[in-house]
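Each residue of the sequence shown is one higher than the last, beginning at 1 in this note's numbering. Where is the CB? At the ideal position from N, CA and C, for every residue including glycine. In this text, all values refer to a predicted model and were calculated from it rather than measured experimentally. Okay, structure first, notes after.
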Amino acid sequence: MTKWLFLFVSLAFSAMSIAKEKTIDLNKFAQEYFEKMVATQSPNATAKELEVYLALLKEDVGHSHLPWETDDARLPDGKQAMRKGMTFYLGAHTHYQAELLDVFTFNQSAVAIRYKNDAKGIHPQNNQAIAYSQVMMEVLEIEDGKVAVIRKYHE
Numbered sequence: 001m002t003k004w005l006f007l008f009v010s011l012a013f014s015a016m017s018i019a020k021e022k023t024i025d026l027n028k029f030a031q032e033y034f035e036k037m038v039a040t041q042s043p044n045a046t047a048k049e050l051e052v053y054l055a056l057l058k059e060d061v062g063h064s065h066l067p068w069e070t071d072d073a074r075l076p077d078g079k080q081a082m083r084k085g086m087t088f089y090l091g092a093h094t095h096y097q098a099e100l101l102d103v104f105t106f107n108q109s110a111v112a113i114r115y116k117n118d119a120k121g122i123h124p125q126n127n128q129a130i131a132y133s134q135v136m137m138e139v140l141e142i143e144d145g146k147v148a149v150i151r152k153y154h155e
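Right under this line is the structure:
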């Protein structure tokens with residue numbers, strides 16, 4: 001009898017814990033993500049802005065940015081790989097401006113942001129001038145309140 005009572009109480013507490021799982025406001029999360037991502041593209045961006053942005057991501061975050069990065073597999077060093085790649089380009093822009101156009105939410109599992117950005121700068125690898133204006137869509141898969149997968153698309 002004691003075993004059954006213990007089992008029942010354990011199941012009841014487990015069910016209550018699952019029911020109390022924190023839900024996040026994905027619209028607010030999308031705004032925060034956008035603002036922190038834009039800060040990393042600023043001409044005066046530093047490792048500080050980069051770390052604030054990276055704090056929104058899971059350690060094993062997956063990332064694709066077609067056509068350059070096509071594999072969005074989640075690997076244990078996903079955040080570290082993003083840190084390395086983003087650090088290489090940090091401060092490359094002499095001008096960066098972005099405008100959030102749309103936010104689309106999908107229950108508690110995903111959010112998509114659509115934005116327009118304009119940038120000018122010097123490519124850090126070949127020292128060539130760069131300039132672009134584009135509309136982007138980022139689909140963010142959310143897990144435990146953090147970004148688990150980022151998929152970037154150009155319009």
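First and last residue of the uninterrupted beta strand (DSSP E) at residue i
| i | result |
| --- | --- |
| Asn97 | It should be noted that the sequence gives Gln, not Asn, for residue 97. Start and end: His93 to Phe106. |
| Asn117 | Ala110 to Ile122 |
| Glu155 | It is not in any beta strand (DSSP E) - Glu155 carries neither H nor E in the DSSP assignment. |
| Gln134 | Ala129 to Glu143 |
Whole-Å CB distance - residue i paired with residue j, under 8 Å assumed
| i | j | result |
| --- | --- | --- |
| Leu56 | Arg83 | That pair is no contact at about 13 Å. |
| Gln108 | Thr46 | In fact, because the Cβ distance is near 33 Å, the residues do not count as touching under 8 Å. |
| Gly78 | Asp60 | 5 Å |
Classification of residue i by the beta-carbon crowding that lies within 10 angstroms, buried from 16 upward
| i | result |
| --- | --- |
| Ala73 | exposed |
| His154 | exposed |
| Ala129 | exposed |
| Lys28 | exposed |
| Glu99 | exposed |
| Thr70 | exposed |
| Glu138 | buried |
| Thr87 | exposed |
| Glu35 | exposed |
| Trp4 | Bear in mind that a pLDDT of 46 at Trp4, under 50, signals an unreliable position, so the model cannot answer this. |
request  = Take every Cβ of the region 78-93, pair it with every Cβ of the region 108-123, and state whether three or more of those distances are shorter than 8 Å.
outcome  = The answer is yes - the region 108-123 touches the region 78-93, with three or more Cβ pairs under 8 Å.
_Counting beta carbon pairs with one atom in the region 29-45 and one in the region 126-136, are three or more of them shorter than 8 Å?_
Contact between the region 126-136 and the region 29-45 is not established, with fewer than three Cβ pairs separated by less than 8 Å.
Beta strand (DSSP E) runs wholly inside the region 16-96, at least 3 long, in chain order: Correct list: 57-65.
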